[in-house]
Structure formats: structure tokens, C-alpha cells
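Inspection log for the structure reproduced underneath, given as C-alpha cells.
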Amino acid sequence: MPLEAGRKLARRIVETLQAAGYIAYWVGGCVRDRILGLTPKDYDVASSAVPEQILRLFPDAEMIGASFGVVQVRDAATGGVVEVATFRSESSYRDGRHPEQIRYETDARLDATRRDFTINALFYDPVKDEVIDFVGGQEDLHAGIVRAIGVPRERFEEDHLRLLRAVRFAARFGYEIEPRTMEALRELAPKIVRIAGERLHDEMSLILTGANAALALRLLRKTGLLVALLPELPDGQGERLALLRGPVSMPLAWAALLRGVSDVAAPMRRFRFSHAEKEQCIGLLKGEAQLDRVQEMPVAELKRFLRVPNFNEHLELHRASRQAVGENLAIYEHIQGLLAQWTVKDLWPPALLNGDDLLQLGLLPGPHFREILNRVENAQLEGRITTRSQAIALALTQSGGDVHR
Ligand code: ATP
Ligand code: MG
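Rendered as C-alpha cells:
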């Protein structure tokens with residue numbers, strides 16, 4: 002979504018709601034990010050209007066999350082999307098996962114105090130250009146503190162996902178976790194396992210791919226969340242994650258974390274990895290072993306490996322792994338050298354032959370065509386052949402006389 006479109010729409014929504022006599026503010030992440038001078042990912046509006054009243058003002062809007070009464074407003078012209086939620090208080094989370102009761106409120110203060118951390122509970126009135134702060138969130142933002150609203154222990158008991166969210170926000174912004182919040186976090190960390198695997202997967206993925214993975218890892222360890230979530234990770238393992246550089250994809254982050262685990266299938270099941278994610282992650286872990294023997298690899302095999310779409314991730318995992326155990330980066334540098342030296346044409350030379358050519362040569366079609374063409378390409382990648390006639394000669398010797406006529 003174009004961000005500017007989201008911001009403009011969010012402003013228009015607040016104006017419309019206020020003009021109709023309701024209280025309406027921007028809330029949560031967008032207010033926090035705005036104060037920090039960061040670009041918000043999206044804009045959320047909170048209001049004293051209930052969903053039916055919101056829908057009356059925005060006839061094209063849609064209810065999302067039926068039981069939660071959140072309304073999504075779209076601006077078809079600009080592509081802007083904003084979620085508008087009614088102020089609410091939540092109570093009695095019997096299972097530490099889902100609130101049992103949600104009550105709509107007209108008092109913004111109650112909506113602020115049901116939120117998780119002070120820095121996430123700020124309102125902003127874009128019409129008056131005014132921050133509304135019931136929880137001391139501005140002070141904590143300026144001091145760099147993640148502080149649970151209310152009694153930390155109770156808040157983490159209510160919803161155990163907040164345990165991980167505290168780490169996520171502390172790591173993302175490089176903030177301290179307020180001492181009482183930290184104490185409750187360490188005490189209740191073992192309860193994190195009660196959260197559904199999918200949600201753990203999503204929250205952990207955000208943490209692991211965040212800008213500050215090294216700090217995230219330290220906090221996950223310090224709070225006891227890591228040992229609760231990943232008991233099979235041997236002590237001292239996981240450092241690779243902290244050493245990854247650049248934007249880190251989800252499979253790469255998980256691969257770096259899981260690298261020290263002997264049986265990765267079990268945690269992947271627990272965290273409900275999709276089939277594709279499992280494949281990508283295992284592919285990366287296997288690739289690392291492959292990179293270790295790069296110097297003995299035939300050139301064609303090496304070039305094919307360098308051609309895999311996420312090769313840079315393989316290389317990055319390898320580098321982080323070597324560095325984590327204080328080993329030299331000879332292979333990494335060797336590969337960097339090759340990548341600098343080999344052109345696109347060296348890695349992807351135009352094919353000298355195709356299946357039709359083999360038919361023309363009178364070869365009997367079948368699955369071995371692929372094998373023959375592979376060998377021809379190998380020879381080409383290794384510089385053993387460069388012309389079409391050499392390729393034909395090679396194909397004919399490879400075909401073992403398996404020819405028509
Ligand atoms: P991000 O930029 O990562 O999206 P955010 O602050 O917008 O950060 P969201 O997960 O999108 O975080 O949630 C939006 C807001 O809803 C939060 O700022 C917070 O006020 C509230 N919130 C979200 N999850 C919880 C929770 N588990 N408990 C209490 N409040 C929550
Ligand atoms: Mg958000």
C-alpha cells in the first residue's frame with residue numbers, strides 16, 4: 002500500500018468521525034513510529050464509534066475479524082487501507098491466549114490500558130496535532146524503555162504472546178526492558194510454549210529477521226524464552242544468527258538459529274513451518290555443508306550451485322557460521338573472487354543443444370535426454386567444449402549408440 006495514501010486516509014477517517022461527534026485518534030505503532038521519526042508500516046485508528054456507526058459513515062468499509070469488531074476502510078482511488086477499531090477493554094484471559102470478553106468503550110483511557118506496552122499505547126489526534134498519552138508512553142519512548150502497562154506479571158499472564166512481543170520491540174528499537182517488566186518476563190517465560198505454533202512462528206520470524214538480531218538473541222536467552230521455545234538448541238549455539246549481515250530472509254534467519262540443532266524436524270513441526278519454509282530452511286542447512294567442500298567441487302557443479310536463486314543466502318550462512326566458531330573465511334573469499342571474475346555468460350552460457358537437436362540427430366527420445374543435455378552443459382561450463390559441433394559429438398558419444406535407423 003502506498004504509505005502516503007494510508008496516512009491521508011487515516012487523517013480523513015479521523016476528521017469524518019470527529020465531525021460526526023465521536024472521539025477518534027490514530028493509535029499504536031503509527032503514533033510510536035511517527036514520534037520516533039520513522040515511517041509507520043500502516044495506520045490504525047481507534048474510536049468511540051461502534052462498528053455499525055463506523056460503517057454508516059464509510060459505507061464501502063468492511064468488518065474484519067467478526068468477533069473483534071474491527072472495520073477496514075479502503076480508498077479505492079489511492080489504494081490506502083486503514084483499520085478502524087472501537088475503543089475496548091478486554092478482560093479475563095482464562096487461557097493466556099484469547100480474551101474472553103471484549104467490551105466496547107467510549108473512554109480512550111480504557112483502550113490505552115488494555116494495550117501491551119506504554120510505547121504502543123499512545124494516541125495522536127491528527128486534526129489538533131496532539132499526542133494523547135494516558136500511560137507515560139512518551140517518556141518511555143524518549144528514555145528508550147519497554148514497559149508493560151499496569152502490573153507486568155498480570156499482563157503477561159493474560160496474554161503470553163506479550164512475552165515475545167516485549168523482546169521484539171526492545172530489540173527492534175534497541176531499548177531497555179524496564180526492571181519489573183523484565184522480572185515478570187523471566188518468571189513467566191516458560192509459559193510461552195502455551196501459545197499456538199503458528200503465532201510463535203510469526204512472532205519469532207519477526208524477531209529473527211529484525212534489524213537487531215544480535216540483541217534479540219541476547220534478550221531471548223536472558224529472559225529464558227529461547228530455552229523454553231527451543232530446548233534442543235545446545236548452549237552457546239545460535240550465534241550465527243547474530244552475525245548475519247544485511248536484510249535477512251525468514252528461512253535464512255531460522256536456518257542460522259537452527260543450525261546447531263541435530264534434528265531440525267521437531268522444532269519445525271512445533272513452529273508449524275509450511276512445507277515451502279521447511280524446504281527452504283533445510284536447503285540452506287544442506288548448502289552450508291556443500292560450501293565446506295567447494296574447493297573439491299568440479300567446476301560445473303560449483304557453477305550450478307552459484308546459480309541457485311538464493312546463493313547469496315547460502316554464502317551468508319556459511320560466512321556467519323565460520324565466523325561464529327572463529328574459523329577463517331578462505332572459502333567465502335574464494336567464492337567472492339569467483340563471483341567477481343565469472344560473468345553472467347560464464348554461469349549461464351547459451352545452450353549449445355536442446356532436445357529438438359537431439360531428435361534431429363536421430364536419438365531416441367526419453368528421460369536420458371535430460372542427462373545428455375546436462376553432460377553437454379557440464380562440459381560447456383567447464384570449458385571443455387565451446388562449439389555446437391563439439392556439443393553434437395559429445396551428445397552422440399553420450400547416447401551410447403541409442404539411435405534411430
Ligand atoms: P508493528 O509496527 O510491528 O506493526 P505495532 O505496534 O503496530 O507494531 P501490532 O502488532 O500491529 O504492533 O499491534 C497494533 C497495536 O495493538 C499495538 O501497538 C498494541 O497497542 C496493540 N496490541 C497488539 N498486540 C497486542 C497484545 N498481544 N496485547 C496487547 N496489545 C496488543
Ligand atoms: Mg502494526
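If you count the sequence shown from 1, position 49 lands on 50 in this note's numbering, and the numbers rise without skipping. Ideal placement from N, C-alpha and C gives every residue a C-beta, glycine not left out.
Assumed close pair His335, Glu289 - CB separation to whole angstroms, cut-off 8 Å | Looking up residue 335 in the sequence shown gives position 334. Looking up residue 289 in the sequence shown gives position 288. Contact doesn't hold; Cβ gap of about 15 Å is too wide.
Can you tell me which of the three DSSP states Arg104 falls into?
-> Indexing the sequence shown from 1 puts residue 104 at position 103. Here Arg104 carries a strand assignment [DSSP, helix/strand/coil].
Nearest-angstrom Cα distance between Arg148 and Glu155?
-> Translated into positions along the sequence shown, residue 148 becomes position 147. Translated into positions along the sequence shown, residue 155 becomes position 154. Computed Cα separation, rounded: 13 Å.
Could you work out which residue in Glu383, Asn379, Thr387 is closest to Gln399 when comparing CA atoms only?
-> What you label residue 399 is simply residue 398 of the sequence shown in a count that begins at 1. For Gln399, the nearest C-alpha among the options comes from Asn379.
Roughly how many angstroms separate the alpha carbons of Val345 and Arg270, rounded to a whole number?
-> Residue mapping note: residue 345 aligns to position 344 of the sequence shown, counting from 1. Residue mapping note: residue 270 aligns to position 269 of the sequence shown, counting from 1. As the crow flies, the alpha-carbon of Val345 is around 39 Å from that of Arg270.
Does the distance from the C-beta atom of Thr114 to that of Ile150 stay below 9 Å?
-> Taking the first residue of the sequence shown as 1, we reach residue 114 at position 113. Taking the first residue of the sequence shown as 1, we reach residue 150 at position 149. Contact check for Thr114 against Ile150 passes: the beta carbons are separated by less than 9 Å.
Who are Ile133's beta bridge partners in DSSP?
-> Taking the sequence shown and counting its residues from 1, one reaches residue 133 at position 132. The partner list for Ile133 (beta bridge, DSSP) reads Phe124.
Between the Cα of Gln281 and the Cα atoms of Arg294, Lys129, Ala144, Val309, which residue gives the shortest distance?
-> Taking the sequence shown and counting its residues from 1, one reaches residue 281 at position 280. Closest by alpha carbon: Val309.
Three-way DSSP call (helix, strand, coil) for Ala394 in this model = Position 393 of the sequence shown, counted from the start, is the residue given in the question as residue 394. Three-state result, Ala394: helix.
Could you tell me if Glu5 is buried or exposed, where buried requires 16 or more neighbouring beta carbons within 10 angstroms of its beta carbon?
-> For this step, residue 5 is matched to residue 4 along the sequence shown. Flag for Glu5 reads exposed.
Which residues are close to ligand 2, meaning CB closer than 7 Å to any heavy atom, in chain order?
-> Those residues are Gly29, Gly30, Lys42, Asp43, Asp45, given in chain order.
Among His315, Ile120, Ala277, which has the Cα closest to the Cα of Val295?
-> For the purposes of this step, residue 295 is taken as residue 294 along the sequence shown, with counting starting at 1. Selected option, being the one with the closest Cα: His315.
Euclidean distance between Cα positions of Glu140 and Val262 = Reading the sequence shown from its first residue, position 139 is the one you call residue 140. Reading the sequence shown from its first residue, position 261 is the one you call residue 262. Each residue's Cα considered, the two are about 41 Å apart.
Terminal residues of the alpha helix (DSSP H) in which Glu53 lies = As a working note, residue 53 is residue 52 in the sequence shown. Counting along the chain, the alpha helix (DSSP H) containing Glu53 begins and ends at 52 to 58.
On the three-pair Cβ rule with 8 Å, is the region 2 to 22 touching the region 38 to 54?
-> With a cut-off of 8 Å, the region 38 to 54 and the region 2 to 22 count as touching, because enough Cβ pairs lie within range.
Sorry if obvious, but does the Cβ on Asp34 come closer than 8 Å to a heavy atom of ligand 1?
-> The count along the sequence shown starts at 1 and reaches residue 34 at position 33. In terms of side-chain proximity, the C-beta atom of Asp34 is found nearer than 8 Å to a non-hydrogen atom of ligand 1.
Continuous beta strand (DSSP E) stretch holding Ile65: start and end = As a first step, residue 65 must be located in the sequence shown, where it is residue number 64. Taken as a continuous stretch (DSSP letters only), the beta strand (DSSP E) holding Ile65 covers 63 to 65.
When you compare only the Cα positions, how much space is there between Gly145 and Leu253?
-> Here the question's residue 145 lines up with position 144 in the sequence shown. Here the question's residue 253 lines up with position 252 in the sequence shown. Taking the straight line joining both Cα atoms gives about 29 Å.
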